[in-house]
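Chains A and B, in that order, are what the protein sequence lines are. Per this note's numbering, the first sequence starts with residue 625, numbered consecutively. Per this note's numbering, the second sequence starts with residue 3, numbered consecutively. Yeah, the Cβ is synthetic: ideal placement off N, Cα and C, and Gly gets one too.
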Amino acid sequence: MTRSTRIVALAMSLGLAAAFAGAAPASAQAPKYGGHLNLMQREDLSQGFAVHETSTIATSFPSMPCFNNLVVFDQSKRAETVDNLVGELAEKWSWQDNYRNLVFFLRKDVKWHDGQPFTSKDVKFTFDMVREAPEAAAKLRINPRKDWYTNVEKIEAPDPYTVVFHLKRPQPGLLVMLASGYSPVYAAHVNPASYRTGCIGTGPFKLKEWRKGEFVDYVKNTDYFMKGRPYLDTLRYVVIKERGTRTAALQAGQLDVSFPGETTKTAAEQLKKAVPGLVITPVAQAVSDNIILNTKKPPFDNPKVRLAVSYAIDRRALISAVHQGGAVPGASQQPKPYGVWGLLEKDLLALPGYGKPADMKAHAKKLLAEAGITPQNPLRVEMSTRAIAMYVDLASFVINELKQVGIEATLKQVETAQWHPMATRGEYQIGANLTGLGVDEPDANYYENYACGSPRNYSQYCSEEVMKMIEQQSQELNPQKRLALVSALQKKVEADAARPLLDWRLDYFTVWPHVKGLVPHDNIYNFGRMADVWRDKQ
Amino acid sequence: MKTYIAQRLGIGLLTLLGMSIVIFGMLRLAPGDIVDILFSTGGYVNPSERAAIEKELGLDRPVWVQYVEWIRQIVTGDLGKSYRYDLPAWEIIRPLIPVTLELAVLSLIVAVALGVPLGVISAVRQDTGLDYALRVFSLAGLSMPSFWLGMVIILSLVAWLGWIPPVTYVSPRENFWLHAVQFTLPALAVGYRSSALIMRITRSSLLEVMREDYIRTARAKGQSGRVVIWRHALQNAILPVVTVIGIEFAFLIGGLVVTETVFNLPGVARFLVEAILWRDYPIVQNLVMFIAIVVILSNLFVDMLYGFLDPRVRYGH
């Protein structure tokens, strides 16, 4: 992206935000205490409040008010950058020994919701458990983010208010991963299994009741360590399974806040038309549409065939047809200005599928011909996807694109219960998939989705060269050099068609104008602590 | 009569036993289990972690052992634990039952209150403009799925009034009027469809009876039209209507899924679908058994009602 296109993109983004926000004034008023908010919840909490045992926003968003992290992305700022990290349970932190040790100095005034004091023991307990250290005092039933912490050699708690993460090698990205909504600190004196049914946290709100399938109620934590917070007295996350009813409830004012990632561009436009006062903020979700290709079985064990698939799919047409403009093109890291690491537009244009559609499709046909696939000998494959509308829409579009280059794909809808087992076991040929990144950090992305042997590397793509590149960028301390390494990595995995990225989804986060201080981030997983949120109407 | 009821209850128990085998077997035949769903929320699968969870939930035992254990639990009044919520199944199921029963009863009241009188009017005014209008009304009710009607009601209310009924359950003790509003609209949506069926059955049954000789005789004796219809004709035409009402009630208990979802009511049917998607066997098995019990009891009730409505029908002789 050139300087001028960056400015245009920023201006468009701001313009769009202003258009949706209407005449909403900047929140310069003094916050008011008291009141209640109803927040939308798309489905019931899948594993209660056991955030470390799940990877779904349905658990992480309604759990945010209960917990705290060591560090967190500033809740009042939309961008999630290293510069926007603030201490939560850690008062300050320090990298030592050339980024080999990360030392946290903890707050001394923090209590768990049951009155027990918070200490370094809790931090060691939590992260030893998550990284499955031999000395861990507890084990998680399901541990989706173990790979984030493979570089942690040891965690020490030399005194009640100091914790040291000893690393095997420098890893500047670790601090960012600790700021994710998926990295809360659990209480050491509580059985981790109990978080599936309740929540003992240190956060600004205490769990009052979770009525299964109906709502989650919170009350203000009057002992919260941040003096004067939270502002609100109570919160309710209302579970509404039916999308039409959710939208109607928001429009009717029964809900004050939408669910992150829920509001499409079309829905936002309709809501704005019906209730012009609603404040709608377009933000990135950190959720990508992508294609998984089984690299272990024919025909997609042939890189040329994989690459042909990537060339065949017109990303911009997909954004226009499936998302009505509510998504942006990008490679394996979220694009700028929403993410830190995304490729520049000029680099994107050089990738498969981003150039002129006719040229791209011609190139795809050429690659297929080189692989022996011709109109006389067409390729017939089964396109698998989850039996959920947003997946099926994506798969249907891709099938149509593939048809244009001579790949005949039939749609196979897979029920949710079968989708991940099927993908992990490689029992598919090609699939239309969505991937959410818990944090905009290359380590979290590449170790999870591209590393050899990772259970979430559904394509089972494994490249020694890419592994070296992942390791190299992970320990690079110079931010500019690291950015260059990550750019090279993005180009490499797209050139190999490891898991062709199609687009990054946008959310049109909606609140009523009386909701103040709730700033959506460019990542749906990392905001919603609710400590600074207040209500301008009682 | 007592022997008859005892016989019916005995048959009912056998039916439940058969149902338990069918439910249990079908659930196990469906692909995937709760462990797959749990891993889906984590986005991956780990075979060793999977085995540990299967052991924890008892899913590693032979299927027949799991079945026997479930039946033993039912007999001892223990419904087991929800796999998803890790809570006693009864604790989860108990609050759902009154919601569904209330909605089903209210819907049935709407259906009967609309269906029977309109059916009578339609029959009495056969082949008139009013009859045609009522037949179109009933055909529309049969053609419109109640969930669609429910969604149209919700969207119309929000578009015109900027208001919809409460989306969280309001108990009658908390606020009776709000509770009434919350249940009235879904009851109307569901009851309208059922009323259409009841109306058509009432109409055709009444038309058949009105052609009988004893109706002609009653008229010849100079009895008023109202007496002939309500006292002689309807009383004899009501048996098929009662049968349909009984079937409709049984259907409503399990068939309110989408209406409960659209109106966000925390009832049995909505929860059942969620439990099926999660393969939460203890919840699904016990909820389906609950629905089966309601169906058996409502059929028994309808059969007994025949005896009161028609003196020619007597049991136990």
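Closer than 8 angstroms to chain A by CB, residue i
i                      : result
residue 174 of chain B : no
residue 168 of chain B : yes
residue 33 of chain B  : yes
residue 1 of chain B   : The structure shown does not extend to residue 1 of chain B, since chain B spans only 3 to 319, so no value can be given for it.
residue 190 of chain B : no
residue 9 of chain B   : no
residue 143 of chain B : no
residue 150 of chain B : no
residue 285 of chain B : no
residue 51 of chain B  : yes
residue 94 of chain B  : yes
Test: residue i CB closer than 8 angstroms to a CB of chain B
i                       : result
residue 839 of chain A  : yes
residue 1187 of chain A : Lying outside 625 to 1162, the shown extent of chain A, residue 1187 of chain A is not represented and no answer is given.
residue 677 of chain A  : yes
residue 1045 of chain A : yes
residue 743 of chain A  : no
residue 750 of chain A  : no
residue 1147 of chain A : no
residue 786 of chain A  : no
residue 887 of chain A  : no
residue 648 of chain A  : In this prediction, residue 648 of chain A has a pLDDT of 42, which is less than 50 and means its spatial position is unreliable; what the coordinates show is noted afterwards. No, because no Cβ of chain B sits closer than 8 angstroms to the Cβ of residue 648 of chain A.
residue 774 of chain A  : no
residue 625 of chain A  : Summary for residue 625 of chain A: the model assigns pLDDT 41, below 50, so the residue's position carries little reliability; its value from the coordinates is reported in the next sentence. So, not an interface residue.
residue 645 of chain A  : Model confidence at residue 645 of chain A stands at a pLDDT of 46, short of 50, so the residue's coordinates are unreliable and nothing is read from them.
residue 632 of chain A  : Reliability of the predicted coordinates at residue 632 of chain A is poor, the pLDDT of 41 falling under 50, and the value obtained from them is presented with this limitation in mind. Taking Cβ atoms only, chain B never reaches closer than 8 angstroms to residue 632 of chain A, which makes this a no.
Neighbour list for residue i in chain A, Cβ cutoff strictly below 7 angstroms
i                      : result
residue 153 of chain B : 868
residue 211 of chain B : Here the premise fails: no neighbours, minimum Cβ distance about 44 angstroms.
residue 55 of chain B  : 765
residue 263 of chain B : 865 and 866
Cross-chain neighbours of residue i in chain A, by beta carbon under 9 angstroms
i                      : result
residue 281 of chain B : 1041
residue 273 of chain B : 836 and 837
residue 89 of chain B  : 821 and 836
residue 276 of chain B : 667, 668, 837 and 865
Partners in chain A for residue i, counting only beta-carbon separations shorter than 8 angstroms
i                      : result
residue 156 of chain B : 868, 869 and 872
Where residue i meets chain B, residues with beta-carbon distance less than 9 angstroms
i                       : result
residue 660 of chain A  : Chain B residues near residue 660 of chain A: none, gap ~12 angstroms exceeds 9 angstroms.
residue 816 of chain A  : Residues of chain B passing the Cβ test: none, with the nearest at roughly 13 angstroms.
residue 1034 of chain A : None at all; the shortest Cβ gap to chain B is about 19 angstroms.
Closer than 7 angstroms at the beta carbon, the chain B residues around residue i
i                       : result
residue 876 of chain A  : 160, 164, 165 and 166
residue 1048 of chain A : 46 and 47
residue 1174 of chain A : Absent from the structure is residue 1174 of chain A, since the part of chain A shown begins at 625 and ends at 1162.
Expected contact under 8 angstroms - CB spacing of residue i and residue j to nearest Å
i                       : j                       : result
residue 1083 of chain A : residue 1049 of chain A : So it is not a contact: roughly 13 angstroms between Cβ atoms.
residue 308 of chain B  : residue 85 of chain B   : With a Cβ gap of about 43 angstroms, residue 308 of chain B and residue 85 of chain B do not count as contacting.
residue 761 of chain A  : residue 812 of chain A  : 7 angstroms
Per-residue contacts from residue i into chain B (C-beta, under 8 angstroms)
i                       : result
residue 671 of chain A  : 40 and 43
residue 768 of chain A  : 44, 45 and 46
residue 864 of chain A  : 169 and 266
residue 1079 of chain A : 46, 47 and 48
Task: In chain order, each beta strand (DSSP E) run of at least 3 residues that lies wholly inside the region 977 to 1065 of chain A - done: 1003 to 1010, 1031 to 1038 and 1054 to 1060
Open item on the list: I'd like the ranges of any alpha helix (DSSP H) spanning at least 4 consecutive residues and lying wholly in the region 243 to 299 of chain B.
Closed with: 259 to 264 and 270 to 279
Open item on the list: As an exercise, report each continuous alpha helix (DSSP H) stretch of at least 4 residues that is fully enclosed by the region 862 to 911 of chain A, in chain order.
Closed with: 867 to 875 and 889 to 898
Task: Segments of 3+ residues assigned as beta strand (DSSP E) that fall wholly inside the region 10 to 74 of chain B - done: none
Task: Touch test, the region 852 to 869 of chain A against the region 122 to 141 of chain B, Cβ-Cβ under 8 angstroms, three pairs minimum - done: no
TODO: Spell out a yes or no on whether the region 273 to 288 of chain B and the region 16 to 31 of chain B are touching, meaning 3 or more CB-CB pairs, one atom from each, closer than 8 angstroms.
DONE: Touching, yes, given that three or more Cβ pairs across the two stretches are closer than 8 angstroms.
Open item on the list: For the structure I just gave you, are there three or more beta carbon pairs, one from the region 769 to 787 of chain A and one from the region 718 to 729 of chain A, closer than 8 angstroms?
Closed with: yes
Open item on the list: Is it the case that the region 951 to 960 of chain A contacts the region 895 to 915 of chain A, given that we only count it when at least three CB pairs across the two stretches are under 8 angstroms?
Closed with: Taking a cut-off of 8 angstroms on C-beta distances, the region 895 to 915 of chain A touches the region 951 to 960 of chain A, as three or more cross pairs fall below it.
Open item on the list: Three Cβ pairs or more, each shorter than 8 angstroms: is that satisfied between the region 1142 to 1154 of chain A and the region 972 to 980 of chain A?
Closed with: Contact between the region 1142 to 1154 of chain A and the region 972 to 980 of chain A is absent, because fewer than three Cβ pairs lie under 8 angstroms.
Open item on the list: When you compare the region 881 to 900 of chain A with the region 692 to 711 of chain A, are there three or more beta-carbon pairs, one atom per stretch, that lie closer than 8 angstroms?
Closed with: no
TODO: Determine contact between the region 926 to 934 of chain A and the region 1117 to 1132 of chain A, defined as no fewer than three beta-carbon pairs at a distance below 8 angstroms.
DONE: Yes, the region 926 to 934 of chain A touches the region 1117 to 1132 of chain A.
- [ ] Inspect the CB distances between the region 145 to 163 of chain B and the region 183 to 195 of chain B and report whether three or more fall short of 8 angstroms.
- [x] Yes: the two stretches touch, three or more of their Cβ pairs being nearer than 8 angstroms.
- [ ] Only counting runs of 3 or more residues, tell me where the beta strand (DSSP E) segments fall wholly within the region 763 to 830 of chain A, in order along the chain.
- [x] 776 to 783 and 786 to 791
TODO: Just list the alpha helix (DSSP H) runs in the region 170 to 235 of chain B, keeping only unbroken ones of 4 residues or longer that don't cross its boundaries, in chain order.
DONE: Whole alpha helix (DSSP H) segments, 4+ residues: 178 to 212 and 215 to 222.
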